[in-house]
Each structure stands twice: as structure tokens, then as C-alpha cells.
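J.: This is the structure I have questions about; it appears just below.
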Amino acid sequence: MAVAVRVALVAAACAAAGITVGQLALLHDGWEYLRMGRAFALWEPHTLAADNLRLFPGFPAAIALVSLAQQPEVSGLAIAILCGAACGPLLGTLSGDRRLAWWLVAFTPSWLLYTGTVMSEGLSTLLLLASLLHATRGRWAAAGLWAGLGTTVRPVGALLFVPLVLHAVLGPSPRRARGKALGLLLACGLPWPLLHLAANQFLWGDALKSVSDYVAMGRLRWPLEGLIAATLSPEEDFAKKVLIWGTVALALVAIPGLARRSDRLLLLTWHTVIALFYLLLPSAWTFGSLDRFYLAVLPTTLIGLAGWLPRSPCRHGIVLWTLSAAAWLVALKWLVGLSGVFPFEDRALPPWP
Numbered sequence: 001m002a003v004a005v006r007v008a009l010v011a012a013a014c015a016a017a018g019i020t021v022g023q024l025a026l027l028h029d030g031w032e033y034l035r036m037g038r039a040f041a042l043w044e045p046h047t048l049a050a051d052n053l054r055l056f057p058g059f060p061a062a063i064a065l066v067s068l069a070q071q072p073e074v075s076g077l078a079i080a081i082l083c084g085a086a087c088g089p090l091l092g093t094l095s096g097d098r099r100l101a102w103w104l105v106a107f108t109p110s111w112l113l114y115t116g117t118v119m120s121e122g123l124s125t126l127l128l129l130a131s132l133l134h135a136t137r138g139r140w141a142a143a144g145l146w147a148g149l150g151t152t153v154r155p156v157g158a159l160l161f162v163p164l165v166l167h168a169v170l171g172p173s174p175r176r177a178r179g180k181a182l183g184l185l186l187a188c189g190l191p192w193p194l195l196h197l198a199a200n201q202f203l204w205g206d207a208l209k210s211v212s213d214y215v216a217m218g219r220l221r222w223p224l225e226g227l228i229a230a231t232l233s234p235e236e237d238f239a240k241k242v243l244i245w246g247t248v249a250l251a252l253v254a255i256p257g258l259a260r261r262s263d264r265l266l267l268l269t270w271h272t273v274i275a276l277f278y279l280l281l282p283s284a285w286t287f288g289s290l291d292r293f294y295l296a297v298l299p300t301t302l303i304g305l306a307g308w309l310p311r312s313p314c315r316h317g318i319v320l321w322t323l324s325a326a327a328w329l330v331a332l333k334w335l336v337g338l339s340g341v342f343p344f345e346d347r348a349l350p351p352w353p
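Following this line, the structure appears as C-alpha cells:
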């Protein structure tokens, strides 16, 4: 179902905007991810521009690995859609509430949009959920592996080690078992971010290349500065303000729901750390991207809000599909609107040799 919903969104957006699937794949940061994926596939990382390198390499590396018939656009869309769709069943297993899997089909327009275009949120969330699931079941090697891979996809992946380490060290297991858990977690998780840093150092002489390029763009601000300024600005779209602060409100309201059960301490820690981290992010991008950043805690938000869902299957279905249909239409509007102003010619991929 989740795959069909996203494929329908792509088809409808292309038809409404009069663009091809290849052009749709360029939207948002898609053109940069595809450019990186092409450079990786052709072993030409030196051809990448500096501003492209603020993006983490995990998602474009996946595009390069599965590039279908030298069509990175198709590969990028396929990875994003399939990963976004796979998050639902994982959430159902992690939460023990199968209803929540359906909420990840198309609950918010932001989730639907960023898992229906060539963006890394779907892959990142899938790896985060896999790591959390294995950690809650005491499979620390697997938890470390998926968390480590997540650090190569989005910066938020590195923050997952905060609750994982705390859970491994302070968990209910005997002290000896806790030491083993921490050892497995770090042994299987740390090689991936270290490999990322080493590759940056080898290729560009700067281990923190992604961070350096972001800082060089001049987007740093004091915590909450950009968020408050945009909220008070009469020039900002009112609907955008509702979306951003509604996203924050849902994430914060979910915290008491997560705290009610002691077996969800790991999820509560992760959720709280990330919600506060992004809310206080010292960046000018915070307001414009907070709904996207908070997708990292959308699964735990749903877990925390599960007690508020209608108990009647009929009412639950009506609420779910009404909100999902509205989210689908909003995501379609966003894609069509962006297609009308996107510089497709300037950002088209170079031909494959």
C-alpha cells in the first residue's frame, strides 16, 4: 500500500506539472544526491562541487550501488520509496501496535513528500528503526551495525549512539552483560562513521568536510533565532507556520505517552534528545526544514500518541484515511508548485558516459 501511494503521487505530480520522472527526481536535494551517486558510480568524487559535499554519502552510495541500467533517477526514487514503505512494518513490530504501520503510509504530507522523492529521510528512518528494534531486544551487534550505517546517511544518525550507549550501560542487565553490550555496539557501529571521516580526509583533506562546507555557507544562527524570526515575520506563509509548530507540538505531546511505560525508556530518550536537538539547532534552516528534520522522530511520535487513537476500528479507519488523503493532496500540491519554479535545465545530470 505504501509503495502504491507513493508511485501514485509521483505519477500524479508528473502529469499535473507536465514533467518527466527524471525531472521529478531532481526536486529538492535530489539533483545533488543524484550527482553524488553518479560521481561515486563512475569513481569521480573529485568532480563534485563543494556545496554538494555538505550531504552525507550513504544515500548517494546506495544509488550508485543499485543504479538501474545507468538510470540513477530511477534508482534514487526506488530506494526512497521502498525504504519509506518498509518503515511501517518495522514501526508496527517495534511498538507492538500494528495500527501504527498504517499511519506511516501517508500520515503527514512531509513524510509522504520526502519518501516519494529522491531524499534520504526514508533510508535514514529505516536504519534508525532497525537499530532501535534490535537494541530493545538485546541484539547489540545488529543495533550497532544499523546505527553505524545510519551515521553515513544523515547527521542525526550519530545522535542515535547517545541513547544506545546509555541504554547499554545503564540497562537492567548484569554489569558484565552491560560491558559486552557496549563492546558489541561500538565494535559494530563505530567503523562506519570512522570510514566516512577517513574517506573525507583522504579525498579532500578534511575529515569533517560535510560540517565545514555547511559552516562555509553562512547559515549558522543562535538557537531559536531563525525559528522565532520566521514565526514573527509577516512574510512567512501562515500555513507553513501551522505545519512547523504543529509538528513540534505533536512531538512534545508524545513525550508523556512514551514515558508511561518503563520498557520504552530507550525510545523516550531518543525522541527527547532529537526533538530538543532540532528545536535548538543553531541554523537559519531550522524553520524551513523543521518538519523534515522531525521525520526522524515521527515513528516515536506515533508510538507516544497511540493512546489517543480511536479504539473503534471504524472510527480509526475514518480518521486515518481522511488525514492520509489530505496529506497526499498537500504533498501533490507541494510537488506541482516546486516543479513550476525549479531550474531543471541548470540542475540536470551530466550524460552518463
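In this note's numbering, the protein residues as written are 1 to 353. For every residue, glycine included, the Cβ atom is placed at its ideal position computed from N, Cα and C.
1. Checking 8 Å against the spacing of the C-beta atoms, do VAL297 and ALA275 come in under that value?
2. On the premise that LEU26 lies in contact with ALA13, defined as a C-beta separation below 8 Å, what is that separation, rounded to the nearest angstrom?
3. Is any beta-carbon of chain D found at less than 8 Å from that of THR47?
4. Where DSSP assigns a beta bridge to LEU220, which residues make up the other side?
5. Give the single residue among ALA254, SER289, LEU232 whose Cα lies nearest to the Cα of TRP308.
6. Could you give the uninterrupted runs of the beta strand (DSSP E) lying entirely in the stretch 218-253, keeping only those of 3 residues or more?
7. Express the C-alpha separation of LEU127 and ASP97 in angstroms, rounding to a whole number.
8. Residues bridged to ALA70 by DSSP?
9. Output yes or no for whether 8 Å exceeds the beta carbon distance between LEU84 and ARG35.
10. Could you tell me the alpha carbon to alpha carbon distance between VAL21 and GLU345, rounded to whole angstroms?
11. How about ALA181 and PHE161: are their beta carbons less than 8 Å apart?
12. What ranges does the beta strand (DSSP E) occupy inside the stretch 267-351, keeping only unbroken runs of at least 3 residues that lie completely in it?
13. With a threshold of 7 Å (Cβ to nearest heavy atom), would LEU281 be considered close to the ligand GTP?
14. Where do the ends of the alpha helix (DSSP H) carrying VAL5 lie?
15. So what's LEU94 in DSSP terms, helix, strand or just coil?
16. Nearest-angstrom Cα distance between THR322 and ALA4?
17. Comparing C-alpha positions only, which one of PRO343, GLY88, THR93, ARG261 sits nearest to TRP102?
18. Looking at VAL118 and GLY30, is the spacing between their C-beta atoms short of 8 Å?
19. Mapping DSSP to helix, strand and coil, what is ARG137?
20. Would you say LEU354 and LEU258 are within 8 Å of each other, going by their C-beta atoms?
21. Could you pull out every residue in the same chain whose Cβ sits closer than 7 Å to the Cβ of ARG292, ignoring the five residues on either side in sequence?
22. What does a CB cutoff of less than 7 Å around SER324 pick up in its chain, not counting 5 residues either side in sequence?
23. DSSP on GLY116, reduced to helix/strand/coil?
24. In three-state terms, what does DSSP make of THR20?
25. LEU295 and LEU91 look like a contact to me (Cβ under 8 Å); what is the Cβ gap, rounded to whole Å?
26. What is the DSSP secondary structure of THR125, counted as helix, strand or coil?
27. Tell me the rounded alpha-carbon separation between THR151 and HIS46.
28. If we ignore side chains and look at the alpha-carbon of each, how far apart do GLY288 and ALA177 end up?
29. Taking the alpha carbon of CYS188 as the point to measure from, which residue in SER95, HIS134, ALA207 has its own alpha carbon closest?
30. How many angstroms separate the CA atom of ARG260 from the CA atom of TRP270?
31. If you run the structure through DSSP and keep just helix, strand and coil, what is THR108?
32. Find out if the Cβ-Cβ distance for the pair LEU94, THR136 is shorter than 8 Å.
33. How is PRO45 classed by DSSP in three states: helix, strand or coil?
34. Can you list, in chain order, the residues of its chain whose CB lies under 6 Å from that of GLY58, leaving out five sequence neighbours each side?
T.: Concretely, from the data shown:
1. With respect to the 8 Å criterion, VAL297 and ALA275 are classified as neighbours on the basis of their beta carbons.
2. That belief does not hold up - the Cβ atoms of ALA13 and LEU26 are roughly 13 Å apart, past 8 Å.
3. No chain D appears in the structure shown, which is made up of a single protein chain.
4. Answer is SER283, bridged to LEU220.
5. TRP308 has its Cα closest to that of ALA254, out of ALA254, SER289, LEU232.
6. Within the stretch 218-253, not a single complete beta strand (DSSP E) segment reaches 3 residues in length.
7. Going by the C-alpha atoms only, they are around 20 Å apart.
8. Before going further, note that residue 70 is Gln rather than Ala in the sequence given. Looking at the DSSP assignment, GLN70 forms no beta bridge with any residue, so it has no partner.
9. A small fix is needed here, since residue 84 is Gly in this sequence, not Leu. In this structure, ARG35 does not lie closer than 8 Å to GLY84 by Cβ.
10. Each residue's Cα considered, the two are about 15 Å apart.
11. No; because the gap between Cβ atoms is not below 8 Å, this pair is not in contact.
12. Here no run is fully enclosed.
13. Summarising the ligand content, the structure contains no ligands, and the ligand GTP is consequently not present.
14. Going by DSSP, VAL5 is part of the alpha helix (DSSP H) stretching over 2-17.
15. Of the three classes helix, strand and coil, the one that applies to LEU94 here is helix, per DSSP.
16. Taking C-alpha positions only, THR322 is separated from ALA4 by approximately 17 Å.
17. Closest option to TRP102, Cα to Cα, is GLY88.
18. Yes, they are a contact pair.
19. Coil.
20. With the chain represented from 1 up to 353, any question about residue 354 goes unanswered, as that position is not in the structure.
21. Hits under 7 Å: SER110, TYR114, GLU121.
22. Within the same chain, SER324 has close Cβ partners VAL105, ALA106, PHE107.
23. Three-state result, GLY116: coil.
24. Of the three classes helix, strand and coil, the one that applies to THR20 here is coil, per DSSP.
25. Rounded, the Cβ-Cβ distance is 12 Å, inconsistent with contact.
26. Helix.
27. The C-alpha of THR151 lies about 22 Å from the C-alpha of HIS46.
28. Straight through space, the alpha carbons of ALA177 and GLY288 are spaced by roughly 44 Å.
29. Closest option to CYS188, judged by alpha-carbon separation, among SER95, HIS134, ALA207: HIS134.
30. Rounded to whole angstroms, ARG260 to TRP270 spans 15 Å at the Cα level.
31. In this structure, DSSP gives THR108 a state outside helix and strand, which the three-state scheme calls coil.
32. Against a cut-off of 8 Å, the Cβ pair of THR136 and LEU94 comes out as a contact.
33. PRO45 sits in a helix when the DSSP states are folded into three classes.
34. Excluding positions up to five away in sequence, the list reads THR152, VAL153.
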